[in-house]
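Trainee:
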Ligand code: DOR
Ligand code: ZN
């Protein structure tokens with residue numbers, strides 16, 4: 201990674217250029233149809249690969265459906281864009297271990313996603329009791345296939361702010377006890393409890409951290425009124441949890457790496473009596489992470505977090521080539537639209553200090 205401090209001045213003052221090895225996004229929602237056409241390239245322009253979530257309606261549960269979805273994603277991108285969607289299988293109570301294993305062997309599936317039934321958007325067909333998929337987990341452990349976890353319990357008795365911490369104890373710990381060799385990524389962690397869980401777990405367990413959970417705490421949802429665009433799942437927690445996430449992300453611990461969980465929803469579906477969960481961070485994802493790393497005095501650790509720890513954990517090669525960010529003010533629009541699609545992005549209306557300036561090679 202290089203930070204070239206500008207000898208050449210621009211109208212914006214010092215023209216710092218931050219150059220990183222080409223990064224990947226280890227957790228994203230690209231959607232389908234018009235939303236896919238709108239959203240896909242925001243991810244593909246910044247990231248070489250992305251782990252694509254399977255929570256479509258209906259969910260991606262077969263290799264054939266994943267292969268077809270992968271084709272739709274590639275068809276949604278501009279000519280010549282180099283981007284590899286890494287597909288995931290949506291685990292259900294009835295999922296067929298054979299189908300999963302075959303899809304993995306054929307290179308269609310990179311990983312499986314566990315949504316506890318009812319935990320989030322399109323999770324109704326998720327797993328009602330993790331014991332029901334024990335044989336699938338056993339098979340995954342044997343073949344070395346990763347399990348990606350939405351780590352929240354769904355019981356209405358458990359306070360929404362405690363759902364992640366309770367999941368660690370009641371679901372994740374028992375899974376790891378029975379399958380000590382299973383590679384697990386605890387997705388989009390939001391608590392100090394998860395940070396500590398990862399720090400003390402064995403080397404086959406890692407976590408992704410979103411750009412937004414590094415910047416907002418739960419107060420963001422209530423600032424002067426109800427703020428649906430700050431609502432996502434797992435929901436942002438207290439400030440001390442955000443601070444723990446910032447420490448973890450910038451610590452240089454390879455078990456924490458980048459996963460945006462960028463999750464676009466139509467504006468009217470968020471600004472509703474029952475608003476959808478999800479924050480659309482893809483358009484300025486790297487810029488947002490750069491802000492946080494810079495504030496933490498850790499810009500020199502951004503490259504490893506964004507471009508090295510993820511592929512190493514997944515057992516994939518690091519990308520060749522680089523991307524650059526320029527220190528140049530960037531106004532983020534309050535609303536993005538494309539035909540009937542209208543989405544309010546993360547950082548809407550803010551001016552960011554960095555601007556993505558493209559890929560080299
Ligand atoms: O905020 C979220 N949005 N969290 C999830 O787990 C799902 C996602 C979505 O698909 O909208
Ligand atoms: Zn997600």
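In the working numbering, the protein residues as written are 201 to 561. Glycine residues also receive a C-beta, built at the ideal position from the N, C-alpha and C atoms. A quick note: this is a predicted structure, and the numbers were derived from the prediction, not measured.
(1) Give me, in chain order, the residues of the same chain whose beta-carbon lies closer than 6 Å to that of residue 318; leave out the 5 immediate sequence neighbours on both sides.
(2) Put residue 315 into one of helix, strand or coil per three-state DSSP.
(3) With respect to the alpha helix (DSSP H) encompassing residue 440, which residues constitute its N-terminal and C-terminal limits?
(4) Once you ignore the five residues that flank residue 397 on each side, which residues in its own chain have a CB closer than 7 Å to its CB?
(5) Starting from residue 556, trace the beta strand (DSSP E) both ways and give me its first and last residue.
(6) With DSSP run on the structure shown, which of helix, strand or coil describes residue 290?
(7) Could you say which of 234, 236, 452, 535 lies nearest to residue 399 if we only look at CA atoms?
(8) Please report the distance separating the alpha-carbon of residue 357 from that of residue 522.
(9) How should residue 221 be labelled, buried or exposed, when 16 other C-beta atoms within 10 angstroms of its C-beta is the threshold for buried?
(10) Between 309, 295, 293, which lies nearest to residue 285 when the distance is taken from Cα to Cα?
(11) According to the Cβ coordinates, are residue 482 and residue 243 closer than 7 Å?
(12) Give every residue of the same chain whose Cβ lies closer than 6 Å to the Cβ of residue 249, excluding the five residues on either side of it in the sequence, and list them in chain order.
(13) By Cβ distance, which residues of its chain are closer than 7 Å to residue 297, with the 5 residues on each side in sequence left out?
(14) For residue 529, report the span of its beta strand (DSSP E) as first-last.
(15) Under the rule that 16 or more other beta-carbon atoms within 10 Å means buried, what is residue 386, buried or exposed?
(16) Please work out which residues of its chain come closer than 7 Å, Cβ to Cβ, to residue 207, disregarding the five sequence neighbours upstream and downstream, and give them in chain order.
(17) Mapping the DSSP letters down to three states, classify residue 462 as helix, strand or coil.
(18) Say yes only if the C-beta of residue 429 is nearer than 6 Å to one or more non-hydrogen atoms of ligand 1, and no if none qualify.
(19) Can you tell me which of 460, 405, 360 puts its alpha carbon nearest to the alpha carbon of residue 488?
(20) Compute the Euclidean distance between the alpha carbons of residue 556 and residue 485, then round it to the nearest angstrom.
(21) When the distance is taken between beta carbons, is residue 444 closer than 7 Å to residue 417?
(22) Any heavy atom of ligand 2 closer than 6 Å to the beta-carbon of residue 461?
(23) Evaluate residue 525 with the Cβ neighbour count: other Cβ atoms within 10 Å of its Cβ, from every protein chain shown; 16 or more gives buried, anything less gives exposed.
(24) Return the CA-CA distance between residue 232 and residue 272, expressed in angstroms with no decimal places.
(25) Pull up the distance between the alpha-carbon of residue 259 and that of residue 393, whole angstroms please.
(26) Should residue 519 be listed as close to ligand 1, given that the test is whether its C-beta is under 6 Å from any heavy atom?
(27) Using DSSP with H/G/I as helix, E/B as strand and the rest coil, what is residue 233?
(28) Distance check for residue 413 and residue 441, CA to CA, integer angstroms please.
(29) Distance check for residue 467 and residue 552, CA to CA, integer angstroms please.
(30) Tell me the rounded alpha-carbon separation between residue 506 and residue 457.
Mentor: In this structure, then:
(1) 354
(2) coil
(3) 439 to 449
(4) 368
(5) 551 to 560
(6) strand
(7) 452
(8) 48 Å
(9) buried
(10) 309
(11) yes
(12) 224, 284, 286
(13) 335, 336, 339
(14) 522 to 531
(15) buried
(16) Confidence at residue 207 is low in this model, with a pLDDT of 48, below 50, so the placement of that residue should be treated as unreliable; the coordinate-derived value is given next. Closer than 7 Å at Cβ, skipping near neighbours: no residue.
(17) strand
(18) no
(19) 460
(20) 9 Å
(21) no
(22) yes
(23) buried
(24) 8 Å
(25) 30 Å
(26) no
(27) helix
(28) 9 Å
(29) 22 Å
(30) 6 Å
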